[in-house]
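Student: Take 1460 as the starting number for the sequence shown in the numbering used here and just add one per residue.
The structure is given below, and queries will be raised subsequently.
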Amino acid sequence: MSDVCCGPGEQAAELESGPEKLWQVRELQVAALAAVLLAVGWLLTHYGFENVGVSCEVLAAVIAAATFAPNALRNLARGRIGVGALMTIAAIGAMALGQIAEAALLGILFSIAEGLEHYAVARTHRGLRALLSLAPPSATVLRGGRESIVAPDELRVGDTLVLRPGERAATDGTITAGRTNLDLSAITGESVPVESGPGDAVYAGAINGGGAIEVSVTATASDSSLARIVHIVEEAQERKGLGQRLADRIARPLVPAIMALAALTAGLGALLGDPMLWLQRALVVLVAASPCALAIAVPLTVVAAIGAASRQGALVKGGAAIEELGRVRVVALDKTGTLTRGAPQVVETVTVGTCDAAAALRLAAALEARSEHPLAQAILAAAVDSGAVDGGGPLPHVLIESAADVTAVAGHGITGSLDGSDLRLGKPGWVDAGPLADDATRLQNAGATVVVLERDGVPLAAIAVRDELRPEAAEAVRQLGSLGIRVAMLTGDNSRTAAALADAAGIGAVYAELLPQDKARLLPDLAGGRAIAMVGDGVNDAPALATADVGIAMGVMGTDVAIETADVALMGEDLRHLPKVLGQGRRARRIMLQNIGLSLAIIAVLIPLAAFGVLGLAAVVFIHESAEVLVIGNAIRAARIKPLPGLSAPTPGLSASPPPGAVHLNLGLAAVQRDSCCGTDSCCGGSGG
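Structure, rendered in structure tokens:
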């Protein structure tokens, strides 16, 4: 919150245990008591009991001022002048001039505005902290062969957690026994339960929807993914975006400027007319120009929007990220792990001569035995499934014969030797496909990534690996189109595979055969002066994520690196979270601008009306505080999760030609347009190697 915001500083510590009901808010209780006293005082005065009535009005003014005056005086003692100080000066001045009822009304309405702000912020914080309640109050743990019930805080790394059907996981772990369906909807926003078995991760708050399972604890409850999420979002809520900094830049100098303006109004007015009249007008100006609504216009919207995003399975890193999300008009999507499932599989192995598929996979697996690359894991898995090698346990710990002198050639493939023969495995073009060229082209046109295996300079096999498109990818792209956002795909894969997958997803602009640095260099040209978001896995796409206006990491539940490096982290694996969070950001930014505009307009209109006596103190107080309540109510709208409008036809793709400068990268960049690419070497720029 800004220093000039209306709320008392001490309230920050109360947010976690803030009032659950509106009538429990202290400021509103005080305002209600003061309002009753003011009404009683007015009635007593009306019926002739003037002294008692005035006493009630004075008491009402003092009680109403108790919510902000003490804190304002403490801030003044520290050399900090805030809106509370302006209101305190105005209230004291009004009472000194005999406008006791107006002073009481000022205090009552200001207290109501403070109370509503306190309640709104506490509610959004409370909604976030409620995520922690997804973890159960107790857990069943297996120790020494016996089950016992312990508090989540007593769980230690390595404990065996017993999770029965319908129970929630108290912390993170890995399934060691049993199979089940895990409901992650409350955490990641995934609507479909995830089938899980031994080796699969379990996150705190996940509901066991199937059979009983045993889970090896991998994190304490205080360090679970759920606890980290809450901590990160709470930190993000304190970060300031451009709009919030704009509000601060305006509000901070505005407070002393308002005091100077009020003093100038009183001084010049005294020279021109009745000093008491102009002193009254100066007090009215003091209230009219108070930037309270401006000070809370953006921070409250940011807090509400971040809380709403977290309930949709997205971590947004502060106000700057919220604002940038609202400006995004172009989205660049990485292919592997973003548009695709991130789990490639060998779909076909074509061999020549006497070499059969099992033998080819054995040789390829020998080269890839030490690699962690997704393609390597797919080949190792296929080798085990085919019986070419002994699985001996879960991948990647396969019992296979490893090649010697293995060397990876970045961007091309891998070399090594086995049984006295030289082996090469890599892209067609780097490894001559020879008689397998037609099969390699056919498989690439079908959307597969092809590697050619060569022994002693003779091609043996073409292995096709395909990472299937996410089933929701096409719908997500259509939703982005309905928001007026243009979509491009950036990938290091070959042009034919990229074009086939983009066609299935409905993406019109494809840039293939890119190295990580190529993606980063391409983004500014792709954006064309508009705000651009890069969506990737948060690790391999780090240069592009850092270059984009907004870096969005996808599917990073429990992944520290991805959560920390991205501006926005989508916890779930459903790509439809992307248009949701972009739509939420756009709506939040629109609300911020509305609030700033309304706040400035109110100040601009009220100051001259107050200075020339058109409006009195009571009228200005009412209008000013009503505007503040309106701003608070508008900001709270950002906390609502609004469904996307009905899908419309996707917007046309980006220009069919590469952006200026892209063709001069000289790093193997191939730009592919699905409307024009015919799938031939001459059309798509080479063999795709």
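Note that beta-carbon positions come from the ideal geometry of N, C-alpha and C, so glycine has one too.
1) With N1534 as the anchor, note down where its beta strand (DSSP E) starts and where it stops.
2) How should W1482 be labelled, buried or exposed, when 16 other C-beta atoms within 10 angstroms of its C-beta is the threshold for buried?
3) Which class does Y1578 belong to by DSSP, given the choice of helix, strand or coil?
4) Mind listing, in chain order, the continuous alpha helix (DSSP H) runs of no fewer than 4 residues lying wholly within the segment 1698-1777?
5) Tell me the rounded alpha-carbon separation between A1947 and A1986.
6) Among L1565, G1603, S1681, which residue has its Cα nearest to the Cα of A1594?
7) Are D1898 and A1921 close, meaning C-beta to C-beta below 7 Å?
8) From the DSSP output, which residues share a beta bridge with P1894?
9) With a threshold of 7 Å between beta-carbons, can L2037 be considered close to chain D, or not?
10) Can you tell which of L2041, H1505, H1577 has its C-alpha closest to the C-alpha of V1762?
11) Using 7 Å as the threshold, is the C-beta distance between A1933 and G1893 below it?
12) Shortest alpha-carbon distance to L1939 belongs to which of A2025, R2035, L1622?
13) I need the boundaries of the alpha helix (DSSP H) containing Q1938, first residue and last residue.
14) Am I right that K1776 and V2027 are in contact with their C-beta atoms under 8 Å? What's the rounded C-beta distance?
15) Assuming V1676 contacts T1635 under a Cβ cut-off of 8 Å, what Cβ separation, rounded to an integer in Å, is found between them?
16) Considering only DSSP beta bridges, list what N1904 is partnered with.
17) Bridge partners of N1953, per DSSP?
18) Going by Cα to Cα distance, which pick from A1841, A1990, R2099 is closest to A1816?
19) Can you tell me which of the three DSSP states R1485 falls into?
20) What is the residue span of the beta strand (DSSP E) that V2027 lies within?
21) Specify the secondary structure class of Q1558 as computed by DSSP and reduced to three states.
22) What is the residue span of the beta strand (DSSP E) that I1634 lies within?
23) I need the boundaries of the beta strand (DSSP E) containing D1401, first residue and last residue.
24) What are the boundary residues of the beta strand (DSSP E) that includes L1882?
25) What is the DSSP secondary structure of I2082, counted as helix, strand or coil?
26) In three-state DSSP terms, what is G1566?
27) So, under 8 Å CB-CB, R1638 and G1669 are touching, yes? Tell me the CB distance rounded to an integer number of Å.
28) For the beta strand (DSSP E) that contains Q2056, what are its first and last residues?
29) At the level of alpha carbons, what is the spacing between P1983 and G1951?
30) With a cut-off of 8 Å on the beta carbons, I'd call A2077 and E1561 a contact; round off their distance for me.
31) Here's the rule: buried if 16 or more other CB atoms are within 10 angstroms of the residue's CB, otherwise exposed. What is G1500?
32) Decide if A1756 is buried, meaning its Cβ has at least 16 other Cβ atoms within 10 Å, or exposed.
33) Along the beta strand (DSSP E) that carries R1925, what are the first and last residues, could you check?
34) Starting from G1512, trace the alpha helix (DSSP H) both ways and give me its first and last residue.
35) Keeping to the same chain, check which residues put their C-beta closer than 6 Å to that of A1550; ignore five residues upstream and five downstream.
36) Per DSSP, which one or two residues make a beta bridge with M1993?
Tutor: A quick look at the data gives this:
1) Not the beta strand (DSSP E): N1534 falls in the alpha helix (DSSP H), residues 1528-1536.
2) exposed
3) helix
4) 1701-1731, 1734-1747, 1751-1756, 1758-1770
5) 10 Å
6) S1681
7) yes
8) Partner(s): none; P1894 has no beta bridge.
9) The structure shown contains no chain D; it is built from a single protein chain.
10) H1577
11) no
12) R2035
13) 1932-1941
14) 7 Å
15) Not quite, the Cβ-Cβ distance comes to about 10 Å (not below 8 Å), so this is no contact.
16) Answer is none; N1904 lacks a bridge partner.
17) In DSSP, N1953 forms no bridge with anything.
18) A1841
19) helix
20) 2027-2029
21) coil
22) 1632-1636
23) Because residue 1401 is not part of the residues shown, which for the chain are 1460 to 2148, the question remains open.
24) 1880-1885
25) helix
26) helix
27) 7 Å
28) Residue identity check: residue 2056 is Gly in the sequence provided, not Gln. First-last for G2056: 2036-2070, but that is the alpha helix (DSSP H), not the beta strand (DSSP E).
29) 18 Å
30) 5 Å
31) buried
32) buried
33) 1917-1925
34) 1509-1524
35) A1524, A1562, L1565, G1566
36) A1791, G2010
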